[in-house]
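Okay, structure first, notes after.
Numbering (my numbering), first residue to last: 196 to 614.
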């Protein structure tokens, strides 16, 4: 049976739009053909244009020129958070189907406005909650649905952001300031909120949340520290040093020309001179105690779902690793989910350990979730499957995040989502 070939345009050809989704799509020439790119940085267009085979005439530096007309069947909206709704709405108006990077928005009214636009123009949309498509996360859901632990009662989740990731993205980087981006509970944990709803199989009834920025500010700057890492006497010993996070880690990885996070700091192909120039002069070389950040560095959220399932989510910068940890408590057993795999502990039986290696097929980005997302995207376009992370489903988890931030800003006040 022959497959349809879909033309693809990308707006925002950075870490996700170019390196991740763009390259995954470009590896499937029988299903997708990338024909147009838009980005505010010319070096990105110069890099990905030739790689994806996009003609110079179809590479755009401004959204105004790019959106003058529809240029493909599908548009990847992988721009900054504050741009998502504007770009997705324009895409619907032009008749694009859309792959939309998360988070959608931090505003309730924009969530509903985007749903109305999709309904009006009849376009398909998939939101990039990639963990929903990762084999280990799907396996946990399968075991729950099979009743292996009886009735699901509670979920306990930890998102250990990691000290280096926090410093890169939420202190120095694009998500450091909620006035310019989205609250961290949405920017980092909309994956987790989406998963909570997915596992609970219910809308969320109420949320309470506490958290703050407790460490990354001038009050905690070490004595004698400088405003920039390369000018600081602590550059070789501070764990948050840009030299240690970017240059030393880059050497540990074997000096790759294009990998996160150095490909965000310096344009690919990355080399040490580019990284050094970036941390000497750019935002990623600032001392973490002297930035314009206001994103929280820890937040604890409790959720009650309409069907009675309870959930807790702990997000913290103060961890060494980046791997999420979930525990599902049921009336007849417990499931543990980590980066290593899934462990089923039925009461009165020996534990069943299912390794991540036995679940993965192909690439490992987001535990195989990136591959699963693109596969689901194609099936959605073909009309073969309903999108698991449809716009409608994803709006529900965003309402949870918006409520969590409202609660946090009001000292942990209980917030009801559907009133």
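All residues carry an ideal CB built from backbone N, CA and C; glycine is no exception.
It should be emphasised that the depicted structure is a prediction, and the values quoted were computed from it without experimental measurement.
The alpha carbon of residue 204 has as its nearest neighbour, out of 402, 604, 499, 292, the alpha carbon of 292.
Here the C-alpha atom of residue 500 lies approximately 7 Å from the C-alpha atom of residue 395. According to the DSSP assignment, residue 244 belongs to the alpha helix (DSSP H) that extends over 237–247. Counting along the chain, no beta strand (DSSP E) covers residue 216, and no H or E run does either. Residue 509 holds the alpha-carbon nearest to the alpha-carbon of residue 357 among 209, 596, 509, 608. Taking residue 374 as reference, the option from 490, 537, 279 with the minimal CA-CA separation is 490. Per the C-alpha coordinates, the member of 345, 326, 371 positioned closest to residue 354 is 326.
Proximity to residue 505 across 351, 264, 607, 453 peaks at 351, based on C-alpha coordinates.
The beta carbons of residue 388 and residue 592 sit closer together than 8 Å. Taken through DSSP and simplified to helix, strand or coil, residue 504 comes out as coil. Residue state for residue 202 is assigned as strand, using DSSP reduced to three classes. Under the DSSP definition of a beta bridge, residue 355 partners with 511. For the pair residue 323 and residue 297, the CB atoms are nearer than the 8 Å cut-off.
A Cβ-Cβ distance of about 7 Å is found for the pair residue 200 and residue 226, placing them in contact under the 8 Å criterion. For residue 459, the enclosing alpha helix (DSSP H) starts and ends at 457–460. For residue 334, the three-state secondary structure derived from DSSP is helix. By the Cβ rule, the region 419–431 does not count as touching the region 521–536, because fewer than three pairs are nearer than 8 Å. The alpha-carbon of residue 371 is positioned some 43 Å away from that of residue 198. Remark: fewer than three beta-carbon pairs, one from each stretch, lie closer than 8 Å, so the region 582–601 and the region 233–247 are not flagged as touching. A direct Cα-Cα distance of roughly 9 Å separates residue 277 from residue 301.
In the same chain as residue 603, and ignoring 5 residues on each side of it, the C-beta atoms closer than 7 Å to its own belong to 404, 405, 406, 494, in chain order.
DSSP, reduced to helix, strand and coil, places residue 276 within a helical segment of the structure shown. Here residue 230 carries a strand assignment [DSSP, helix/strand/coil]. The Cβ atoms of residue 542 and residue 521 lie no closer than 8 Å to each other. The alpha helix (DSSP H) runs of length 4 or more contained entirely in the region 274–326 are, from start to end of the chain, 279–289, 303–316.
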